Amino acid sequence: MLNNKSILITGGTGSFGNKFVETILNRYPEVNRLVIYSRDEMKQFRMSQMFSKKEYPSLRYFIGDVRDGERLKRACEGIDTIIHAAALKQVPTAEYNPMEAIKTNVLGAQNVIDAAMDCGINKVVALSTDKAAAPINLYGATKLCSDKLFIAANNMKGKRDLTFNVVRYGNVMGSRGSVMPFFINKREDGVLPITDKRMTRFNISLQDGVDLVMYALEHAWGGELFVPKIPSYKITDLAEAIGPDCEHPEVGIRPGEKIHEEMITASDSFNTIDLGKYYAILPQQPNWDKQEYIEYFDANYVEPGFTYNSGQNDEWETVESLRKKIKKYVDPSFSVNEMRSDRL
Numbered sequence: 017m018l019n020n021k022s023i024l025i026t027g028g029t030g031s032f033g034n035k036f037v038e039t040i041l042n043r044y045p046e047v048n049r050l051v052i053y054s055r056d057e058m059k060q061f062r063m064s065q066m067f068s069k070k071e072y073p074s075l076r077y078f079i080g081d082v083r084d085g086e087r088l089k090r091a092c093e094g095i096d097t098i099i100h101a102a103a104l105k106q107v108p109t110a111e112y113n114p115m116e117a118i119k120t121n122v123l124g125a126q127n128v129i130d131a132a133m134d135c136g137i138n139k140v141v142a143l144s145t146d147k148a149a150a151p152i153n154l155y156g157a158t159k160l161c162s163d164k165l166f167i168a169a170n171n172m173k174g175k176r177d178l179t180f181n182v183v184r185y186g187n188v189m190g191s192r193g194s195v196m197p198f199f200i201n202k203r204e205d206g207v208l209p210i211t212d213k214r215m216t217r218f219n220i221s222l223q224d225g226v227d228l229v230m231y232a233l234e235h236a237w238g239g240e241l242f243v244p245k246i247p248s249y250k251i252t253d254l255a256e257a258i259g260p261d262c263e264h265p266e267v268g269i270r271p272g273e274k275i276h277e278e279m280i281t282a283s284d285s286f287n288t289i290d291l292g293k294y295y296a297i298l299p300q301q302p303n304w305d306k307q308e309y310i311e312y313f314d315a316n317y318v319e320p321g322f323t324y325n326s327g328q329n330d331e332w333e334t335v336e337s338l339r340k341k342i343k344k345y346v347d348p349s350f351s352v353n354e355m356r357s358d359r360l
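In terms of the numbering used here, the sequence shown is residues 17 to 360.
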């Protein structure tokens, strides 16, 4: 699928970018070019040490910001596929610096769309977030706006051989700023602060996130928003899995934070189909026939009013399954027996 293709990933030095690059290099050894487009030269340097140019001559590094449309277009010359992962993601940061989040997450998204249309790109997949479903914070609102821009772009592409799609998932295990590494680091203090003990979250590995993008690249017709079927966990079970001997004080929910993650709202249900491993929210005005699409994928519409949130899931992690996944995906040295009870 991607052999002899040229791919650009915005925000390519992040957690997702590193895993995506690793996956592409392993699965598609004949990829033509894999361009990392990001604004942090130190992260690019570190990445170049992990994936040496001698061993992986297809790798290229472009310093640039998605806010800079001209630089982005230059980086897109000769590119076939764009994976758009760049974003300002921290909820408090976006609340305190709203216009900066808008410049990156909304105007940056439009720059990606313009570059794709002007540079002969064939496929664009943009990464979204659960926070874009019924958003209650600015980060979620900017990502919802970004999603709408990418989906609508399919109706403005003219006769170009080009599709725009979106993938949406929640917190990734072990990603920077996520709760798992935070708890692992805090357990030495003997205290794991919990914002609200009712809280639940979806659970997805970086590899599963990459595989969702790969699915979209291979199967999308243009304008779909893909959502993975993944398990949930209770924040209290996560605290028990990481620090069973720690105190778990409840410190109060943070501004802009939800009790449960939501990826498909009741309003989305009327355009949502079940693909088996994934859900797809279809565009309201696609440039292809919906019935033909459903028959092709042997899919079914979900029930009207259906919602998909982490608090009403059919699949749940246990304390033990969380421990196994933390060891596998987050910290290979993790052991629940490392707690020092004399600290507590």
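Think of the CB as a built atom: it goes at the ideal place given N, C-alpha and C, for glycine as much as any other residue. All of these numbers come straight from a predicted model, not from anything done at the bench.
{"Item": "Would a C-beta distance cut-off of 7 Å place residue 294 and residue 244 closer than the cut-off?", "Value": "yes"}
{"Item": "Would residue 148 and residue 160 qualify as a contact pair, given that the criterion is a beta-carbon distance under 7 Å?", "Value": "yes"}
{"Item": "Answer with buried or exposed for residue 282, where buried requires no fewer than 16 other C-beta atoms within 10 angstroms of its C-beta.", "Value": "exposed"}
{"Item": "Only counting runs of 3 or more residues, tell me where the beta strand (DSSP E) segments fall wholly within the region 271-352, in order along the chain.", "Value": "278-280, 288-290 and 294-297"}
{"Item": "Among 53, 223 and 237, which residue has its Cα nearest to the Cα of residue 9?", "Value": "Summary: the structure shown does not reach residue 9, with the chain confined to residues 17 through 360, and so no result is reported for it."}
{"Item": "For residue 239 and residue 138, I'd like the C-alpha separation in whole angstroms.", "Value": "14 Å"}
{"Item": "Any contact between the region 244-255 and the region 314-331? By contact I mean 3 or more CB pairs, one from each, below 8 Å.", "Value": "yes"}
{"Item": "Please classify residue 134 as buried or exposed, where buried requires at least 16 neighbouring CB atoms within 10 angstroms.", "Value": "exposed"}
{"Item": "Please go through the same chain and pick out, in chain order, the residues whose beta-carbon is closer than 8 Å to the beta-carbon of residue 304, but skip the five residues on each side of it.", "Value": "237 and 238"}
{"Item": "Beta-carbon within less than 7 Å of residue 29's beta-carbon, same chain only, minus the 5 sequence neighbours each way: which residues are those?", "Value": "52, 54, 56, 59, 60 and 63"}
{"Item": "Work out the CA separation of residue 113 and residue 190 for me, nearest whole Å.", "Value": "26 Å"}
{"Item": "Between residue 334 and the rest of its own chain, which residues show a CB-CB distance below 8 Å, the 5 nearest in sequence each way excluded?", "Value": "253"}
{"Item": "Spatial neighbours of residue 220 within its chain, please: C-beta separation below 8 Å, excluding the five flanking residues on both sides.", "Value": "185, 186, 187, 188, 189, 244 and 246"}
{"Item": "Can you name, in chain order, every residue of its own chain whose Cβ lies under 7 Å from the Cβ of residue 232, other than the five neighbours on each side?", "Value": "141, 181, 183 and 242"}
{"Item": "Flag this pair as yes or no: are the beta carbons of residue 212 and residue 258 separated by less than 7 Å?", "Value": "no"}
{"Item": "Name, in chain order, the residues that DSSP records as bridge partners for residue 53.", "Value": "26 and 78"}
{"Item": "In the DSSP assignment, find the unbroken beta strand (DSSP E) run with residue 103 in it and report its ends.", "Value": "Where residue 103 is concerned, there is no enclosing beta strand (DSSP E), given that its DSSP letter is neither H nor E."}
{"Item": "Taking the runs of the beta strand (DSSP E) that are 3 residues or longer, which of them lie wholly in the region 192-260?", "Value": "216-218, 241-244 and 248-250"}
{"Item": "So is residue 356 buried or exposed if we call it buried at 16+ other beta carbons inside 10 Å?", "Value": "Annotation note: pLDDT 45 at residue 356 (below 50); position unreliable, no value reported."}
{"Item": "Quick check: the region 150-159 against the region 305-313, are at least 3 beta-carbon pairs closer than 8 Å?", "Value": "no"}
{"Item": "With a CB to CB cut of under 7 Å and the five nearest residues on each side skipped, what residues in its chain are close to residue 339?", "Value": "257 and 352"}
{"Item": "Output the distance between the C-alpha atoms of residue 167 and residue 346, rounded to the nearest integer angstrom.", "Value": "33 Å"}
{"Item": "Just mark residue 6 as buried or exposed, buried being the case when its beta carbon has 16 or more other beta carbons within 10 Å.", "Value": "No answer is possible for residue 6: the residues shown for the chain start at 17 and end at 360."}
{"Item": "With a threshold of 6 Å on Cβ separation, who are the neighbours of residue 103 within its own chain once the five nearest residues in sequence on each side are excluded?", "Value": "121"}
{"Item": "Taking C-beta to C-beta, are residue 118 and residue 158 nearer than 7 Å?", "Value": "yes"}
{"Item": "Tell me where the alpha helix (DSSP H) around residue 117 begins and ends.", "Value": "114-118"}
{"Item": "Using alpha carbons as the reference points, say which of 235, 154, 250 and 264 lies closest to residue 206.", "Value": "264"}
{"Item": "Name the DSSP beta bridge partners of residue 179, please?", "Value": "139"}
{"Item": "What number of angstroms, rounded off, separates the C-alpha of residue 107 from the C-alpha of residue 154?", "Value": "7 Å"}
{"Item": "Under DSSP, the alpha helix (DSSP H) around residue 6 begins and ends at which residues?", "Value": "Coverage of the chain is limited to positions 17 through 360, which leaves residue 6 absent and any answer about it impossible."}
{"Item": "Specify, as a first and last residue, the run of the alpha helix (DSSP H) that residue 86 falls within.", "Value": "85-91"}
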